[in-house]
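*Asks:* After the structure tokens below, expect a handful of questions from me.
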Amino acid sequence: MRRSRVDWCAALAAAALFAPAVSMAGGPVEPVSGDWHQIFNGRDLSGWTTYLGSPDRPGATEPIGIDRDPLHVFTVVAADGEPAIRISGQVMGELRTRESFSNYHLRLQFKWGRQKWPPRDASDNPRDSGLLYHLHSGLGAEGRVFGRSIEFQIQEHDVGDLYAVGSAIAVRSTPRTTDKGETVFDYDPSGEWRYFSQIRGSEGRAIKQPDNEKPSGEWNTLELICIGDESLHIVNGKVVMRLRDPRRIDREQPLPVTSGPISLQSEFSEVFYRNIVIRPITAIPAEYAQTTATAPLANSLTDTEPQHGWQLLFDGRTTQGWHSYGRNTLNPQWHVEDGLLTTRAGFSIGSMNLRR
């Protein structure tokens, strides 16, 4: 059963409000020009860490692990006369930044190589990689090759798609039935807000619109903008998806996740990355801000709900409008935390009542 926006709002309970706070830790990032900084220095993989799963060969059952790369899956090479990171794709894994980032504009270039590896070496299998952001689980944790995160998909013909990898995030989308009778969800700026999550009973993928990828073998420029609880997937200068309200779902209650390391995936395909730069931001750049979706999510109403008599009883920030039995105010043991109305453990505090 796929979950609608209302279902996920009930499941997530609330959405926290975040004031932008620029954060870009120092260390391996190097200045380029203006406020742009290099994440890849063009010489080596300083500032990055690696994780590789099990090789696809008889008898191989254990992952290669953290910062071990005997097969040279991740290397620095010259590609078209410029330094680039080559990911061979021979083993599934991650090349992850050691630093965490929030409120940033990331830009990089990629192009596909020729090599493909079993079990995805058939000619009709698309080449695959990916850009993971808001990572919030350790390398190899929970037996995962790819950490819990939001994925900016990098796969032939699908560049810009969303996969919510062990997480949840909302996208305006419209359902579509494919030739095979499957229901998929296309990004649609005027569509309904839906939460996506790779968990049982939910849809984990949203499909970018439009397709703005260049032919295989040409360099593509990707941009990722993350500010507060918003993110944008941009392919060759075109916004192909706008996303809202990323959530980690590995806790008792879903919680906002708006920062974390960034990683590039190794996924059975040769791929090259170069010119990987990042800058801190306090707002969405003007060239991409004009059509930013601002429809409400949790703890708010859609544009049309008030017209049908719906009223907001909890704003996700205060307990205004509520009181405890026999009191003019609400028992202080009730409080708002990360957009959730909750109580402090160990107290018997009774019910809360609406004033009207």
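Letter by letter, the sequence shown follows residues 15 to 370 in this note's numbering.
Using N, Cα and C, we set each Cβ at its ideal position, and we do this for glycine too.
Considering only residues of the region 135-181, which uninterrupted beta strand (DSSP E) runs meet the minimum length of 3 residues and lie entirely inside it, listed in chain order?
*Replies:* Within the region 135-181, the complete beta strand (DSSP E) runs of at least 3 residues are 142-147, 163-169, 176-179.
*Asks:* If I follow the unbroken beta strand (DSSP E) through E301, where does it start and stop?
*Replies:* Locating residue 301 in the sequence shown gives position 287, where the first residue counts as 1. Segment 300-303 is the alpha helix (DSSP H) holding E301; no beta strand (DSSP E) there.
*Asks:* Is there contact here, the region 131-146 with the region 254-265, by at least three beta-carbon pairs under 8 Å?
*Replies:* Short answer: they don't touch.
*Asks:* Just grab the DSSP bridge partners of M255 for me.
*Replies:* Residue 255 sits at position 241 when you count from the first residue of the sequence shown. According to DSSP, which records beta bridges pairwise, M255 is partnered with H247.
*Asks:* Are T63 and L153 touching if we call contact CB-CB under 8 Å?
*Replies:* Residue numbering aside, residue 63 sits at position 49 when the sequence shown is read from its first letter. Residue numbering aside, residue 153 sits at position 139 when the sequence shown is read from its first letter. Yes.
*Asks:* How should A178 be labelled, buried or exposed, when 16 other C-beta atoms within 10 angstroms of its C-beta is the threshold for buried?
*Replies:* If you number the sequence shown from 1, residue 178 lands on position 164. That one is buried.
*Asks:* Just mark S277 as buried or exposed, buried being the case when its beta carbon has 16 or more other beta carbons within 10 Å.
*Replies:* Locating residue 277 in the sequence shown gives position 263, where the first residue counts as 1. S277 is buried by the Cβ-count criterion.
*Asks:* Alpha carbon to alpha carbon, how far is T191 from T197?
*Replies:* Residue numbering aside, residue 191 sits at position 177 when the sequence shown is read from its first letter. Residue numbering aside, residue 197 sits at position 183 when the sequence shown is read from its first letter. Taking the straight line from one Cα to the other gives about 5 Å.
*Asks:* Can you tell me the Cα-Cα spacing of N289 and F54, whole angstroms?
*Replies:* The count along the sequence shown starts at 1 and reaches residue 289 at position 275. The count along the sequence shown starts at 1 and reaches residue 54 at position 40. Their Cα atoms are separated by approximately 7 Å.
*Asks:* Any idea what DSSP makes of K130, helix, strand or coil?
*Replies:* Counted from its first residue, the sequence shown places residue 130 at position 116. Three-state result, K130: strand.
*Asks:* Quick one, which of N342, L109, H349 has its alpha-carbon nearest T89's?
*Replies:* By one-based count along the sequence shown, residue 89 stands at place 75. Nearest C-alpha to T89: L109.
*Asks:* Of the residues R258, D175, E284, L246, which one's Cα is nearest the Cα of W301?
*Replies:* For the purposes of this step, residue 301 is identified with residue 287 of the sequence shown, where counting begins at 1. In the sequence as presented, Trp is not what sits at residue 301; that position holds Glu. Checking every option, the nearest Cα to that of E301 belongs to L246.
*Asks:* Thinking just about the alpha-carbon of each residue, which of F210, S280, F166, D193 is nearest to the one in R186?
*Replies:* Counted from its first residue, the sequence shown places residue 186 at position 172. Of the listed residues, the one whose Cα sits closest to R186 is F210.
*Asks:* Roughly how many angstroms separate the alpha carbons of S137 and S283, rounded to a whole number?
*Replies:* For the purposes of this step, residue 137 is taken as the residue at position 123 of the sequence shown. For the purposes of this step, residue 283 is taken as the residue at position 269 of the sequence shown. One C-alpha to the other measures close to 12 Å.
*Asks:* Taking 8 Å as the cut-off, decide whether the C-beta atoms of I183 and D259 are in contact.
*Replies:* Against the sequence shown, residue 183 aligns to sequence position 169. Against the sequence shown, residue 259 aligns to sequence position 245. Yes, they are a contact pair.
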